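**Q** Chains as they are written, first to last, in the numbering used here: chain F, 29 to 306; chain X, 1022 to 1370.
#1: Enumerate, from N- to C-terminal direction, the unbroken alpha helix (DSSP H) stretches of 4 or more residues contained entirely within the stretch 1148-1220 of chain X.
#2: Name the residue from X/1313, X/1349, X/1338 whose alpha carbon lies nearest to the alpha carbon of residue 1330 of chain X.
#3: Once the 5 residues before and after residue 1175 of chain X are set aside, which same chain residues still bring their CB inside 6 angstroms of it?
#4: Can you check which of these residues, X/1260, X/1365, X/1323, is closest to residue 1352 of chain X by C-alpha distance?
#5: Out of F/130, F/254, F/161, F/278, point me to the one whose CA is closest to residue 193 of chain F's CA.
#6: Anything in chain F within Cβ reach of residue 1278 of chain X, meaning under 7 angstroms, just list it in chain order.
#7: CA-CA distance, residue 78 of chain F and residue 63 of chain F?
#8: So, at 7 angstroms on beta carbons, what are the nonlocal neighbours of residue 1157 of chain X in its own chain, with the 5 sequence-adjacent residues on each side left out?
#9: Please report whether the beta-carbon of residue 121 of chain F lies at a distance below 7 angstroms from any beta-carbon of chain X.
#10: In the DSSP assignment, the alpha helix (DSSP H) including residue 202 of chain F goes from what residue to what residue?
#11: Should residue 227 of chain F be flagged as near chain X, meaning a C-beta pair shorter than 7 angstroms?
#12: Expressed to the nearest angstrom, what Euclidean distance is found between the alpha-carbon atoms of residue 1135 of chain X and residue 1072 of chain X?
#13: Start and end of the alpha helix (DSSP H) containing residue 86 of chain F?
#14: Distance, Cα to Cα, residue 174 of chain F vs residue 226 of chain F?
#15: Would you please verify whether the beta carbon of residue 1094 of chain X is less than 7 angstroms from any beta carbon of chain F?
#16: State yes or no: is the C-beta of residue 167 of chain F within less than 7 angstroms of the C-beta of residue 250 of chain F?
#17: Do residue 1366 of chain X and residue 1286 of chain X come within 7 angstroms of each other at the CB atom, strictly closer than that value?
#18: Should the stretch 238-256 of chain F be called in touch with the stretch 36-55 of chain F, which here means at least 3 C-beta pairs below 8 angstroms?
#19: If you drop the 5 nearest sequence neighbours on each side, which residues of the same chain put their C-beta closer than 8 angstroms to that of residue 306 of chain F?
#20: Which of the three DSSP states, helix, strand or coil, is assigned to residue 192 of chain F?
#21: Give, in chain order, every residue of the stretch 1103-1127 of chain X whose Cβ lies closer than 7 angstroms to some Cβ of chain F.
#22: Residue 1182 of chain X versus chain F: which residues are under 8 angstroms apart at the beta carbon?
#23: Between the C-alpha atoms of residue 230 of chain F and residue 264 of chain F, what's the straight-line distance to the nearest angstrom?
#24: Starting from the C-beta of residue 1088 of chain X, find all residues in its chain whose C-beta is less than 6 angstroms away, skip the five residues before and the five after it, and write them out in chain order.
#25: Does any residue of chain F bring its CB to less than 7 angstroms from the CB of residue 1069 of chain X?
#26: So, at 6 angstroms on beta carbons, what are the nonlocal neighbours of residue 1218 of chain X in its own chain, with the 5 sequence-adjacent residues on each side left out?
#27: My understanding is that residue 1166 of chain X touches residue 1144 of chain X, with C-beta atoms under 8 angstroms, so please give their C-beta distance in whole angstroms.
#28: Kindly give me the distance between the Cβ atoms of residue 1265 of chain X and residue 1290 of chain X, rounded to whole angstroms, as I take these residues to be in contact under 8 angstroms.
#29: Which whole runs of the alpha helix (DSSP H) in the stretch 1046-1090 of chain X are 4 residues long or more, in chain order?
#30: Are the beta-carbon atoms of residue 1336 of chain X and residue 1240 of chain X separated by less than 7 angstroms?
#31: Quick check: the Cα distance between residue 1083 of chain X and residue 1124 of chain X, rounded to an integer number of angstroms?
#32: Kindly indicate which three-state DSSP category residue 1038 of chain X falls into: helix, strand or coil?
#33: Considering only residues of the same chain and omitting the five flanking positions on each side of residue 1159 of chain X, which have a CB-CB separation below 8 angstroms?
#34: Would you tell me roughly how many angstroms separate the C-alpha atoms of residue 1200 of chain X and residue 1067 of chain X, rounded to the nearest one?
#35: Return the Cβ separation of residue 1308 of chain X and residue 1334 of chain X in integer angstroms, given the expectation that the two are a contact with Cβ distance under 8 angstroms.
#36: Name the residue from X/1216, X/1215, X/1316 whose alpha carbon lies nearest to the alpha carbon of residue 1354 of chain X.
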């Protein structure tokens, strides 16, 4: 074979390998989702059978019945997630600006501290927080749960917004000021739209993390604030019965808001980047 | 309308002096260049006039009134930034109309003004484009239109031509010059390019390390540099130490050089430096009978297309000459150098 042919073969092999790797990753994710979908339509499906022994829809009937408290849990979950998402963005904006734009002594340490909640086990944080919240009357309340959710969401939201700020040119703001805009107007008209793609990504993370949060809701909510993960916990052996089909149905419900969010914002993110010319 | 007086302006960043006691008077309707190498404090000066940076001490007056107590929004100064910073999420029309929108003008007025400004910068019909769809030159025109729409008293430009390729730069240079003369708006621009400053500016302020070294017309700066730094920056690459002998004679290590180009009084026996542009050093293959003729050896010749750069040596004195000579001169060949006495600049030590 001459050199050109060798190159051709190498290139083709590379392309195929990339496709194969992509497929493996795809399969890996799918392999977790497909059984859940199947489970939700069965009554029993036990090893070593490859297919469920009994198909039925008791799980879905239960989930949508009044006994299950699922509709109320969905409402709670989404309301909490939305509030947590907005709060974590509002809280992160100033600190992320500092982290993304300025250099200062001890920045590395501050960076580490901001990431600490990711590293420290949530159970440890949750237990500590419960004792404090009981004292100040925040336990068993919606507000308490929302504040507790900020602990796991803030590190991610902060990180994403600060890396968005890192690529932000503050001369856009200076130009806005020179054209007569007040600082507030500059933020609304210039900074915010330019940061929007990053903010949406951060919002997505904040929303999804809060959506899936169990430990904080369970400990702070004390069983009074019911969200989907709390209900779900019961059916995977937590508090009441052990029912895989129902747990699967709830899991599917739980993943829907995140998927909707992703699809709704994906176009904005892409369009924004496109209009920036990158 | 638009006379700027800068007095004792100083800016300290920590312990470093970015701008050191700057005094400058800019006449109405003039185009002035702040020229200097990067990091010399010229952009800092511009930002202080704009109000984006507070000055440590000193004052800035516009038409006799100090502007320091006004925020940038109230100074009525327009600034065009380097890289133009057009808002990426806005169309050309929205970018240009931004200043009026912030002033709460009504829509039809904004639309009319945007149209007028776009016509002025020759960008009609581009209203709905996004900045990333424009070339560098077009972006610059929009950036200028966006600033002019607020009818500023003073226009500031930070390296307006730095991000353009050579051909566009020439075009934009003429465009800015014409526009400025037409609108009669006092303009200060920052540049590190001496040619750009010479072509565009009515007056040049040469700044080194935060200190104003010379202020004058381009002709003054380029022919009468006041010190060695200015001379070096304006292309006087040859410096010769000399002692004044009286009657225009300067004693150097290669012999007496005559200079008729010195205004300031120098005493006999005073040590000075002679500065000569490479293009003012003539290379002759045979000895000629003029004043200022010296024998030198060619060390190296670098062909640069339309011109050749020669490095010459005599004892320990190196000279650089730019010349257009047809035949090739071998290295180490001895040649005769002649220098016009009127082109030898005398600098006080």
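Idealized CB from N, CA, C, for every residue including glycine. It should be emphasised that the depicted structure is a prediction, and the values quoted were computed from it without experimental measurement.
**A** Quick answer:
#1: Counting whole runs of 4 or more residues, the stretch 1148-1220 of chain X contains the alpha helix (DSSP H) stretches 1157-1169, 1187-1204.
#2: Stepping through the second chain from its first residue, residue 1330 of chain X is reached at position 309. Nearest of X/1313, X/1349, X/1338 to residue 1330 of chain X, Cα basis: X/1349.
#3: Within the second chain, residue 1175 of chain X is the residue found at index 154, counting from 1. The answer, listed in chain order, is 1023, 1098, 1207.
#4: As a position in the second chain, residue 1352 of chain X is number 331, starting the count at 1. For residue 1352 of chain X, the closest alpha carbon among the candidates X/1260, X/1365, X/1323 is that of X/1323.
#5: On the first chain, residue 193 of chain F is found 165 positions in, with the first residue counted as 1. The shortest C-alpha separation from residue 193 of chain F is found at F/130.
#6: As a position in the second chain, residue 1278 of chain X is number 257, starting the count at 1. Neighbours of residue 1278 of chain X on chain F: none; closest Cβ ~50 angstroms, over 7 angstroms.
#7: Locating residue 78 of chain F in the first chain gives position 50, counting from the first residue. Locating residue 63 of chain F in the first chain gives position 35, counting from the first residue. Going from the Cα of residue 78 of chain F to the Cα of residue 63 of chain F covers about 11 angstroms.
#8: Translated into positions along the second chain, residue 1157 of chain X becomes position 136. Closer than 7 angstroms at Cβ, skipping near neighbours: 1184, 1185, 1189.
#9: As a position in the first chain, residue 121 of chain F is number 93, starting the count at 1. Not closer than 7 angstroms to any Cβ of chain X, the Cβ of residue 121 of chain F fails to qualify, so no.
#10: Counted from its first residue, the first chain places residue 202 of chain F at position 174. Per DSSP, residue 202 of chain F is one residue of the alpha helix (DSSP H) stretching across 199-206.
#11: The count along the first chain starts at 1 and reaches residue 227 of chain F at position 199. Any Cβ of chain X closer than 7 angstroms to the Cβ of residue 227 of chain F would place that residue at the interface, and such an atom is absent.
#12: Residue mapping note: residue 1135 of chain X aligns to position 114 of the second chain, counting from 1. Residue mapping note: residue 1072 of chain X aligns to position 51 of the second chain, counting from 1. Near 26 angstroms, if we compare the C-alpha coordinates of residue 1072 of chain X and residue 1135 of chain X.
#13: Position 58 of the first chain, counted from the start, is the residue given in the question as residue 86 of chain F. Per DSSP, residue 86 of chain F belongs to the alpha helix (DSSP H) from 86-91.
#14: In the first chain, the residue the question calls residue 174 of chain F occupies position 146. In the first chain, the residue the question calls residue 226 of chain F occupies position 198. If you take the alpha carbons of residue 174 of chain F and residue 226 of chain F, they lie about 23 angstroms apart.
#15: As a first step, residue 1094 of chain X is located in the second chain; it is residue number 73 there, counting from the start. At least one chain F Cβ lies under 7 angstroms of residue 1094 of chain X.
#16: As a first step, residue 167 of chain F must be located in the first chain, where it is residue number 139. As a first step, residue 250 of chain F must be located in the first chain, where it is residue number 222. Yes, the Cβ-Cβ distance between residue 167 of chain F and residue 250 of chain F is below 7 angstroms.
#17: By 1-based counting over the second chain, the position of residue 1286 of chain X is 265. By 1-based counting over the second chain, the position of residue 1366 of chain X is 345. Cβ distance not < 7 angstroms, so residue 1286 of chain X and residue 1366 of chain X don't count as in contact.
#18: With the rule of 3 Cβ pairs closer than 8 angstroms, the stretch 238-256 of chain F does not count as touching the stretch 36-55 of chain F.
#19: Working through the first chain from its first residue, we reach residue 306 of chain F at position 278. Caution applies to residue 306 of chain F, whose pLDDT of 39 falls short of 50 and renders its modelled position unreliable; the model cannot decide the point.
#20: The sequence position of residue 192 of chain F within the first chain is 164, counting from 1. In this structure, residue 192 of chain F counts as helix in the three-state DSSP scheme.
#21: Correct list: 1106, 1108, 1109, 1110, 1119, 1120, 1123, 1124.
#22: The residue labelled residue 1182 of chain X in the question sits at position 161 within the second chain. Taking a Cβ-Cβ cut-off of 8 angstroms, residue 1182 of chain X has no neighbours in chain F, whose nearest Cβ is about 17 angstroms from it.
#23: Here the question's residue 230 of chain F lines up with position 202 in the first chain. Here the question's residue 264 of chain F lines up with position 236 in the first chain. Approximately 30 angstroms between the Cα atoms of the pair.
#24: As a working mapping, residue 1088 of chain X is identified with position 67 in the second chain. The residues are 1081, 1096.
#25: In the second chain, residue 1069 of chain X corresponds to position 48, counting from 1. It does not; no Cβ of chain F falls within 7 angstroms.
#26: Start at 1 with the first residue of the second chain, and residue 1218 of chain X comes out as number 197. The residues are 1054, 1056, 1212, 1225.
#27: As a position in the second chain, residue 1166 of chain X is number 145, starting the count at 1. As a position in the second chain, residue 1144 of chain X is number 123, starting the count at 1. Confirmed, Cβ separation roughly 7 angstroms.
#28: By one-based count along the second chain, residue 1265 of chain X stands at place 244. By one-based count along the second chain, residue 1290 of chain X stands at place 269. That pair is a contact at about 7 angstroms.
#29: Positions of the alpha helix (DSSP H) runs, each at least 4 residues long and wholly inside the stretch 1046-1090 of chain X, are given as 1063-1071 in order along the chain.
#30: Here residue 1336 of chain X refers to the residue found at position 315 when the second chain is read from its first residue. Here residue 1240 of chain X refers to the residue found at position 219 when the second chain is read from its first residue. Pairing residue 1336 of chain X with residue 1240 of chain X gives a Cβ-Cβ distance that is not under 7 angstroms.
#31: Position 62 of the second chain holds residue 1083 of chain X. Position 103 of the second chain holds residue 1124 of chain X. The straight-line gap from Cα to Cα measures roughly 22 angstroms.
#32: As a working note, residue 1038 of chain X is residue 17 in the second chain. Three-state result, residue 1038 of chain X: strand.
#33: Looking up residue 1159 of chain X in the second chain gives position 138. Excluding residues up to 5 positions away in sequence, 1144, 1147 lie with their Cβ nearer than 8 angstroms to the Cβ of residue 1159 of chain X in the same chain.
#34: For the purposes of this step, residue 1200 of chain X is taken as the residue at position 179 of the second chain. For the purposes of this step, residue 1067 of chain X is taken as the residue at position 46 of the second chain. Rounded to whole angstroms, the gap between the alpha carbons of residue 1200 of chain X and residue 1067 of chain X is 20 angstroms.
#35: Here residue 1308 of chain X refers to the residue found at position 287 when the second chain is read from its first residue. Here residue 1334 of chain X refers to the residue found at position 313 when the second chain is read from its first residue. So it is not a contact: roughly 18 angstroms between Cβ atoms.
#36: By 1-based counting over the second chain, the position of residue 1354 of chain X is 333. Just measuring C-alpha positions, the residue of X/1216, X/1215, X/1316 sitting nearest residue 1354 of chain X is X/1316.
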